[in-house]
Each structure stands twice: as C-alpha cells, then as structure tokens.
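**Q** Our numbering numbers the first residue of the sequence shown as 1454 and each following residue consecutively.
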Amino acid sequence: MNDLRQLRHFVALAEHAHFARAAAAVHLSQPALSRSIQALESQLDCTLVDRHSRGVSLTAHGHLVLEHARRLLAGSLALSNAVNQLGNLEAGELRLGAGPYPAARLIPQALGQLLQRYPRVQVKLDIANWLELRDSLLDSTIELFVADIRELQDDAQLHIEPLRVHQGVLFCRPAHPLLQRRNLQLRDLLDFPLAGTQLPQVVERSLGQASGRAQPLSVQCDNFLVLKRLVADSNVLSMAPWDVIADEVDSGQLALLPLLPQGLHQHSAYGLVSRAGHSLSPAAQAMVTAIRQVDEQTPRAGHAAD
C-alpha cells in the first residue's frame, strides 16, 4: 500500500457497516469508496467484507485487518503529532552535553534563552569531560555538546564549530598570601596545591614543564562549582577561562593572581560538537542558535592578568 487512505476507508466502513454512511464520513462518493475497498482487497488477496442488502459485515480476514489497521492509523497519527510538536518546539526533547567550563556559564545562559522562548522543551544535560561526551555523542545518548575541542579536531566522525577563545587565568581566594607578594612568578605558586578539571594533553604538558611537576594538578575534578568552592575556602589555587569566573572576580568573591608577563599563558578552546553527517533536531538547532548568541555577547577579559 502506498499510503494509509485505503485503511482509513476500510475502518470507516467497518465502523458504519454501510457504504453510503461510511462514504459520507470520509467525504467520498459511494462508488469511490467501493473502488478503494476493492483495491485493498485485491492488494491483500482476500475478502474483507460480506455485502448484503442491509449493509456489510466483516469476514474473518476483515476482523484481522481492522485490528491492525487501527494500530497503524493510531501510530501514524502519533508520529505526525510528535513531528509537528517537535518542529514547533512545543514538546521536543534536547539531549545536550557540556564540559565543566561551558557548564559554568555559557550553557546555563543559552538554556535560559531557549527555555524562555520554548518553555515546553524537555532538556537532559550531561556534564562531563570531552572524552566522555564524545562517547555519549557517538552512542546517541546526546546529540550535541560544548567542550574543549583540542583533542577532537581530527576526528572524522565529528562536526566541530569553534567558539570564541577566552583568556585563561589563575585565581585564588581574596585573602590568599600570594596576593601579598610583588612580582609574582610561576615558581611562587609551587608552594600551594593546584586544582583543575581534566586537562587536554597540550595543556598538561605546558603546566608540567612550567611547574616541574610530573602531575601538575593536586586535585582533579570535573565539577567546576566544587573547584570554585574549594578555592574560596582554602589556599588551593585553580585556573579557568576568564568568562567563567568574571562575575566572582568582579564581586570580590575570588581574585586573580597577577603573574608577570613571562608567566603561564593558557586559553579556552570551546567548540560546538555534533555527529558529522547527522542533522540536528529542531530543539538542538535552537540551542545552537542560543549558544552562538550568548557566546557573541560574552565580554572579553578586561583586567585579567596574563
């Protein structure tokens, strides 16, 4: 069968048990309905109805086909409704991933914009490092993520759109003893633990060479809220792209370490990542638009130290 029209005609005939009444219900002439039923019987190679003076009655084949026809028509309607709702973002689902740093500011702000426009979208957010997010993407657990892309660039299975680069900064609590030192250099930091998220290999090598430590991080945690709290409550140091701590620095909750110009130089490498050759759902497309808008509106570091 090329479409479901013949099944609709048959269901109407079964429900009305009369050609004239069924034809009126589906807005056909009686001869046209009769031809449709005959075509269906010919395709299935069986008799679906017994015709008699008072109307029609279903044969054994007719009862079987009616059961399946109703299921097919109900499924078709459900599919049509789901597609229409998703296309209109009235009841879509967004399965999204984010690295620790994007999850600290970019993703919440973009999600806020999305849900303000489309409040019925259901969102599932997975926060992890870029390696775990890649696996989730290829397993179809998520359909889009934002994370560090430095180790993903050559992956042919991925479509990557780089986002704005933000200066990397080292930060501490406002009363940290290092802030009392003049001409702060990188070696001065070695007396204190350094905490951070999982590092791309290029960053880990750079930190290791600069610090002389085989393992530059004393604490590794992919929850950036935990890292910020740890730094605020102790002498632990941490590093991050400027955009994710700008508000705390401006409000005095955290402070930047003013390294000399020859100090550590790092930067963010966020990117939008999806599967190559796969189209995004309307909800994911809307999220991409929101991410781009928020990314463009993010101010550059003003007084952040190099």
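Just so it is clear, CB atoms sit at the ideal spot from N, CA and C, and this is done for glycine as well. Bear in mind that the values here come from a model prediction, so they are computed numbers and not experimental data.
#1: Look up Phe1645 in the DSSP assignment and say whether it is helix, strand or coil.
#2: Is the separation between the beta-carbon of Val1576 and that of Leu1549 shorter than 8 Å?
#3: Once the 5 residues before and after Leu1497 are set aside, which same chain residues still bring their CB inside 8 Å of it?
#4: On a Cα-Cα basis, can you pick out the residue from Ala1522, Leu1466, Arg1523, Ser1593 that is closest to Ser1734?
#5: Please return the same chain residues whose Cβ sits closer than 6 Å to the Cβ of Gly1716, not counting the five positions on each side in sequence.
#6: Would you call His1756 buried or exposed, if buried means 16 or more other Cβ atoms sit within 10 Å of its Cβ?
#7: Excluding sequence positions up to five away, which residues of its chain have a Cβ less than 7 Å from the Cβ of Arg1523?
#8: Report the option in Gln1569, Gln1562, Pro1572 whose CA atom is closest to the CA atom of Arg1745.
#9: I need the straight-line Cα distance from Arg1728 to Arg1558, nearest angstrom please.
#10: With three or more beta-carbon pairs closer than 8 Å as the criterion, would you say the region 1674-1686 touches the region 1578-1591?
#11: Take the Cβ of Pro1694 as the centre, count every other Cβ of all protein chains shown within 10 Å, and call the residue buried at 16 or more, exposed below.
#12: Which residues share a DSSP beta bridge with Lys1577?
#13: Could you check whether Ala1476 and Leu1486 sit closer than 8 Å to each other, using their CB atoms as the reference points?
#14: Enumerate in chain order the residues of its own chain whose CB-to-CB distance from Asn1455 is below 7 Å, with the five nearest sequence positions on each side excluded.
#15: Is Glu1604 helix, strand or coil when you go by DSSP?
**A** The structure says:
#1: Position 192 of the sequence shown holds residue 1645. Phe1645: coil per DSSP, three-state reduction.
#2: Looking up residue 1576 in the sequence shown gives position 123. Looking up residue 1549 in the sequence shown gives position 96. A contact, by the Cβ cut-off of 8 Å.
#3: On the sequence shown, residue 1497 is found 44 positions in, with the first residue counted as 1. So the list reads His1514, Val1518, once near-sequence residues are dropped.
#4: Residue numbering aside, residue 1734 sits at position 281 when the sequence shown is read from its first letter. Among Ala1522, Leu1466, Arg1523, Ser1593, the Cα nearest to that of Ser1734 is on Ser1593.
#5: Residue mapping note: residue 1716 aligns to position 263 of the sequence shown, counting from 1. With a pLDDT of only 49 at Gly1716, under the threshold of 50, the placement of this residue in the model should not be trusted; the figure read from the coordinates follows. If we look at Gly1716 and ignore the five residues flanking it on each side, its Cβ neighbours are Leu1639.
#6: The residue you call residue 1756 lines up with position 303 of the sequence shown. Any reading at His1756 is ruled out, since the residue's pLDDT is 42, under 50, leaving its predicted position unreliable.
#7: Position 70 of the sequence shown holds residue 1523. Setting aside the 5 residues that flank it on each side, Arg1523 is surrounded in the same chain by Val1464, each with a C-beta closer than 7 Å to its C-beta; the list follows chain order.
#8: Here the question's residue 1745 lines up with position 292 in the sequence shown. Residue Gln1562 is the option with its Cα nearest to Arg1745.
#9: Position 275 of the sequence shown, counted from the first residue, corresponds to residue 1728. Position 105 of the sequence shown, counted from the first residue, corresponds to residue 1558. Across the structure, Arg1728 and Arg1558 are spaced so that their CA atoms are roughly 24 Å apart.
#10: Touching, yes.
#11: As a first step, residue 1694 is located in the sequence shown; it is residue number 241 there, counting from the start. Buried, by the Cβ-count rule.
#12: The residue given as residue 1577 occupies position 124 in the sequence shown. Beta-bridge analysis with DSSP links Lys1577 to Arg1548.
#13: Taking the first residue of the sequence shown as 1, we reach residue 1486 at position 33. Taking the first residue of the sequence shown as 1, we reach residue 1476 at position 23. Taking a C-beta distance under 8 Å as the contact criterion, Leu1486 and Ala1476 qualify as a contact pair.
#14: Counting from one through the sequence shown, the residue named residue 1455 turns up at place 2. In this predicted model, Asn1455 has a pLDDT of only 48, less than 50, meaning its place in the structure is not dependable; the value taken from the coordinates is given anyway. Closer than 7 Å at the Cβ level, and outside the excluded window around Asn1455, lies no residue.
#15: As a position in the sequence shown, residue 1604 is number 151, starting the count at 1. Of the three classes helix, strand and coil, the one that applies to Glu1604 here is coil, per DSSP.
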